[in-house]
Amino acid sequence: MNGDLLVRTIALVLIRKTGRDVKLDPNLSSLQIAAEVSRRSVAMFRGMVTLCGPVFRGRGVRLRARRNLSFGRGASIGDFTVIDARASRPVEIGSASKLGRYGLVTTTSSLALVGVGFKMGERSGIGDFFHIGCSGGVDIGDDVIAGPFLTVHSQEHRYSDVSTKIRAQGTVESSVTVMDDCWLGSRVTILAGTTIRGHTVVASGSVVKGDFPPNVVLGGVPARILKTLD
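The sequence shown: position 139 = 139 (the UniProt record's numbering), numbered continuously.
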């Protein structure tokens, strides 16, 4: 077995042990593959030491209320992402799922209110620079993919009393659910009380609020159904 084939074989074995089944691009050199394997191995070692399990933990990751965190096999947390798990239920990241770099999962906006929490299914991925506010609870299903700059808000401010400052009127919490097999484009915003059902595509830049049927394409501000998928 030549060196290039050996490197590719080792990489595939390591990847598949995390629950992923991928093919390596033939244009990648053995040196490039080896560098990525080395980087991921360091992240896995970091996860094994600090989280006591087969989890890829990137550089500079910060975890709060770690005892309320649960990671499936091969879950991945990108560099400099923060997860705040101070919630009424466990914060769960499923097997082979990935949170991107420079993101934030926040469950509790203040000491006056403990948030509900966050659950992410298996084989799902969220791009870099995301913000997921889980005060009212956020559930993301299996096989969901989301581009960078995703923002999810499960809390809204009251504002109807014109005689009282908005910041003094308090908040309303309402859950957000993204069901299995959805694709959320880059810079999508999902507001409190929203349910996105299975096999739905959300166009980049959309602002989504409401309860939508499955098998549709959503887009716009506010988002509406652009197409039904057969």
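Ideal placement from N, C-alpha and C gives every residue a C-beta, glycine not left out. Please read all numbers here as calculations on a predicted model, not as lab measurements.
Item	Value
With contact counted as at least three CB pairs below 8 angstroms, one residue from each stretch, are the region 45-62 and the region 80-97 in contact?	yes
If we ignore side chains and look at the alpha-carbon of each, how far apart do residue 280 and V37 end up?	The displayed coordinates of the chain run from 1 to 230. Any statement about residue 280 would go beyond what the structure contains.
Taking C-beta to C-beta, are G198 and D181 nearer than 8 angstroms?	yes
Would you tell me roughly how many angstroms separate the C-alpha atoms of T171 and H157, rounded to the nearest one?	4 angstroms
Could you check where the beta strand (DSSP E) with G47 kicks off and where it finishes?	Not the beta strand (DSSP E): G47 falls in the alpha helix (DSSP H), residues 30-51.
Would you say T107 faces chain D, with C-beta separation under 8 angstroms as the test?	In the structure shown, chain D cannot be found, because there is only a single protein chain.
I think G220 touches S206, with their Cβ atoms under 8 angstroms apart; what is that distance to the nearest whole Å?	6 angstroms
DSSP state of D128, grouped into three classes?	coil
Check residue 231 in the structure and name its three-state DSSP category.	Since the displayed the chain opens at 1 and closes at 230, residue 231 lies outside it and no answer follows.
Just to confirm my understanding: we take E92, look at its own chain, exclude 5 residues before and 5 after, and list those with CB closer than 7 angstroms. What are they?	S70, K119, M120
With a threshold of 8 angstroms, are at least 3 pairs of Cβ atoms found where one atom belongs to the region 98-108 and the other to the region 127-145?	yes
Just reading off the beta strand (DSSP E) that R64 is part of, what are its end residues?	62-64
Determine the direct distance from the alpha carbon of T177 to that of G117, and round the result to whole angstroms.	12 angstroms
How close, in whole Å, do the beta carbons of V144 and S124 come, if the pair is a contact with beta carbons under 8 angstroms?	4 angstroms
What does a CB cutoff of less than 6 angstroms around T107 pick up in its chain, not counting 5 residues either side in sequence?	D84, R86, A87, G115, G117, C134
Which same chain residues, not among the five before or five after residue 296, have their C-beta less than 6 angstroms away from its C-beta?	Within the shown structure, residues of the chain are numbered from 1 to 230, placing residue 296 beyond reach of any answer.
Considering only the alpha carbon of each residue, which of P222, V202, V208 lies closest to N215?	V202
Determine the DSSP secondary structure at V208, reduced to helix, strand or coil.	strand
Is the separation between the beta-carbon of T228 and that of K209 shorter than 8 angstroms?	no
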